[in-house]
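A.B. asks:
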Amino acid sequence: MKAIIIDDEKRARHLLSNLIKEHCPSISEIYEASDLKAGVDLIKTELPDVVFLDIEMPNQSGLDILEYFPNQI
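In this text, residue positions in the sequence shown follow this note's numbering: the first is 677, and each later residue adds one.
#1: By the 10 Å Cβ neighbour count, where 16 or more other Cβ atoms means buried, how is Ala688 classified, buried or exposed?
#2: Could you check if Phe745 is buried or exposed, using at least 16 other CB atoms within 10 Å of its CB as the buried criterion?
#3: Need the endpoints of the beta strand (DSSP E) that Leu729 sits in, please.
#4: Within a Cβ cutoff of 6 Å, which residues of the same chain sit near Gly738, ignoring the five residues on either side of it in sequence?
#5: How long is the line joining the alpha carbons of Lys678 and Val716, rounded to whole angstroms?
#6: Which stretch, first to last residue, makes up the alpha helix (DSSP H) that contains Glu705?
#7: Can you list, in chain order, the residues of its chain whose CB lies under 6 Å from that of Ile703, leaving out five sequence neighbours each side?
If you want it as structure tokens, here you go:
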């Protein structure tokens, strides 16, 4: 399985990545993005099974991701 973490805080991405590695052995690939645009690009190229998304980020809401995938979520 693949996972993507989208969060503007590096420490939060690192902590969540470590938790996933420790508690979710079925997730073998973890990708990280520090903003929504980079996260959307990763989603389009990597086709993850799960996305962990920060809702409150500077200049954007994590919910804005719905605009990029209107018929897929």
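A virtual CB, placed ideally from N, CA and C, is assigned to each residue, including glycine.
C.D. replies: Taking the definition as stated:
#1: exposed
#2: exposed
#3: Val726 to Leu729
#4: Close CB contacts of Gly738 within its chain, under the 6 Å cut and outside five residues either way in sequence, are with Leu729, Asp730 and Ile731 (chain order).
#5: Inter-residue distance for Lys678 and Val716 is about 14 Å (C-alpha atoms, whole angstroms).
#6: Per DSSP, Glu705 belongs to no alpha helix (DSSP H); it is in the beta strand (DSSP E), Glu705 to Ala709.
#7: Met677, Ala679 and Ile696
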